[in-house]
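Colleague:
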Amino acid sequence: MAKKALHITKGVKNAPSVNPKLRAGKRWSRSVAELAKDIIDGNLPALAQGITLVESNAVADKENARALLHALMPHTGSSFRIGVTGVPGVGKSTFLESYGSALLKSDETARVAVLAVDPSSEVSKGSILGDKTRMMELGKHERAFIRPSSSGGNLGGVAKKTREALLLCEAAGFNYIFVETVGVGQSETLVAQLVDCFLFLAMPGTGDELQGLKKGIMEMTDIIAINKSEPPNTPAGERSALAIRSALQLFTNKKFDWHPPVLLTSGLTGFGFNELDASFDRYRRHSQSKGWFDKKRKEQQEYWFEHAVRDGVFELLRKDEDWKKDYEALKAEVALGNLNPFEASAEMVKSLKGKV
Ligand SMILES: Nc1nc2c(ncn2[C@@H]2O[C@H](COP(=O)(O)OP(=O)(O)OP(=O)(O)O)[C@@H](O)[C@H]2O)c(=O)[nH]1
Ligand SMILES: [Mg+2]
0 MAKKALHITK
10 GVKNAPSVNP
20 KLRAGKRWSR
30 SVAELAKDII
40 DGNLPALAQG
50 ITLVESNAVA
60 DKENARALLH
70 ALMPHTGSSF
80 RIGVTGVPGV
90 GKSTFLESYG
100 SALLKSDETA
110 RVAVLAVDPS
120 SEVSKGSILG
130 DKTRMMELGK
140 HERAFIRPSS
150 SGGNLGGVAK
160 KTREALLLCE
170 AAGFNYIFVE
180 TVGVGQSETL
190 VAQLVDCFLF
200 LAMPGTGDEL
210 QGLKKGIMEM
220 TDIIAINKSE
230 PPNTPAGERS
240 ALAIRSALQL
250 FTNKKFDWHP
260 PVLLTSGLTG
270 FGFNELDASF
280 DRYRRHSQSK
290 GWFDKKRKEQ
300 QEYWFEHAVR
310 DGVFELLRKD
320 EDWKKDYEAL
330 KAEVALGNLN
340 PFEASAEMVK
350 SLKGKV
């Protein structure tokens with residue numbers, strides 16, 4: 000990954016329409032159309048630069064980011080979006096490297112992008128896919144694109160930026176987009192709002208294979224793979240699969256009439272990849288034929304719309320100095336335990352009555 004990151008940076012510097020100096024102000028707006036065209040042409044340095052633009056928190060970039068997304072919108076939507084989660088060390092990066100490479104090898108029309116939502120990014124500044132990544136080979140492939148997590152901001156903000164990066168990748172012609180996230184905190188819930196299919200990686204034979212497979216996650220998981228199940232770990236993998244299958248009987252996602260298959264895989268050796276291919280295919284065909292592939296995407300659009308409206312309104316409110324002062328004061332009281340959060344928030348909302 001270190002090499003790939005260097006490669007991207009170098010490409011960005013050399014590409015004519017993606018001069019970093021054009022980042023802010025009016026000069027950008029001149030080149031947004033050009034940048035959009037380069038992205039649609041599948042130019043990877045332009046894609047990287049476009050993602051940097053949509054990730055930017057600079058006020059001057061926001062308008063351009065919106066213009067870019069607007070221009071690219073008609074070219075989005077045609078990829079298969081796959082979320083991959085699992086506890087740290089379960090082998091997500093190794094799996095994505097080898098499964099992504101296998102996909103590119105078996106299908107010459109495949110173009111694979113890997114993005115990440117990193118809940119720890121505030122602390123680590125995006126350690127996921129960072130120096131410890133194992134996606135060196137995939138990153139060098141001309142039909143692959145790897146993008147570390149955008150850092151800064153809250154998890155919701157990071158996920159929103161990942162969604163925009165995902166749309167840019169689609170416009171650039173990527174038809175398989177993987178979104179990796181560590182199986183801790185709230186990140187899965189947000190990633191589930193980004194993808195069509197959610198793959199959960201578990202570990203074999205630890206006896207605590209249900210750890211991390213919390214009820215909420217089970218409900219959003221579409222395929223489960225007991226990873227690291229290559230021989231000699233296969234019997235342990237089978238035992239875990241059995242335990243998870245029986246637990247799943249209690250939690251199956253009835254809404255979509257889909258029983259998540261539990262498979263054995265190994266990112267290290269490619270063990271079980273054929274079964275996984277078949278499961279992805281079956282899932283895609285099943286969800287499309289039932290109409291909930293599109294339904295899910297519509298619900299996600301609504302989710303992000305609501306999310307953006309809430310963020311926008313909040314941002315606006317914080318511009319009102321009096322409101323902000325009250326807000327900070329009440330927040331401090333809530334943190335001290337002097338006020339109950341719901342009571343305090345009702346107070347904040349009440350203070351808006353005269354204003355709205
Ligand atoms: N035996 C075996 N080991 C594996 C497999 N996949 C990964 N590993 C090893 O498990 C360790 C963690 O792999 P990663 O791919 O970095 O795991 P990760 O889930 O991305 O970890 P985080 O990014 O820290 O969340 C490494 O030492 C890998 O070599 C596998 O399929 N079989
Ligand atoms: Mg990793």
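Counting in numbering that gives the first Met the number 0, the sequence shown tops out at residue 355, every number present.
Ideal Cβ positions, reconstructed from N, Cα and C, are used throughout, including at glycine.
#1: Counting along the chain, where does the beta strand (DSSP E) carrying residue 80 start and finish?
#2: If you follow the beta strand (DSSP E) that residue 179 is in, where does it begin and where does it stop?
#3: For ligand 2, is there any heavy atom lying closer than 6 Å to the beta carbon of residue 92?
#4: Could you check whether residue 228 and residue 236 sit closer than 7 Å to each other, using their CB atoms as the reference points?
#5: Among residues of its own chain, excluding the 5 on either side of residue 240, which ones have a beta-carbon nearer than 7 Å to its beta-carbon?
#6: For residue 298, tell me which candidate among 276, 279, 194, 322 has the shortest Cα-Cα distance.
#7: Put residue 171 into one of helix, strand or coil per three-state DSSP.
#8: Ignore the nearest five residues each way along the sequence and tell me which others in residue 31's own chain have a CB closer than 6 Å to its CB.
#9: Could you tell me which residues DSSP puts in a beta bridge with residue 225?
#10: Please return the same chain residues whose Cβ sits closer than 7 Å to the Cβ of residue 102, not counting the five positions on each side in sequence.
#11: Quick one: grab the DSSP three-state call for residue 158.
#12: How close, in whole Å, do the beta carbons of residue 167 and residue 38 come, if the pair is a contact with beta carbons under 8 Å?
#13: Per DSSP, what are the beta-bridge partners of residue 114 in this structure?
#14: Under the DSSP definition of a beta bridge, which residues are partnered with residue 145?
#15: Identify the continuous alpha helix (DSSP H) that holds residue 273 and give its terminal residues.
#16: Looking at the secondary structure, which residues open and close the alpha helix (DSSP H) in which residue 72 lies?
#17: Return yes when the C-beta of residue 239 is under 6 Å from any heavy atom of ligand 1, and no when it is not.
#18: Is any heavy atom in ligand 1 found nearer than 6 Å to the beta carbon of residue 288?
#19: Ligand 1 and residue 265: does any heavy atom of the ligand fall closer than 6 Å to the residue's C-beta?
#20: Relative to the alpha-carbon of residue 98, which residue among 136, 70, 57, 61 has its alpha-carbon at the smallest distance?
#21: Nearest to residue 94 by alpha carbon, out of 106, 76, 113?
Modeller: Looking at the atomic coordinates:
#1: 79–85
#2: 175–181
#3: yes
#4: yes
#5: 225, 261, 263
#6: 194
#7: coil
#8: 63, 66, 67
#9: 201, 263
#10: 109, 111, 175
#11: helix
#12: 6 Å
#13: 178
#14: 113
#15: 272–289
#16: Looking at the DSSP string, residue 72 is not in any alpha helix (DSSP H), and its letter there is neither H nor E.
#17: no
#18: no
#19: yes
#20: 136
#21: 113
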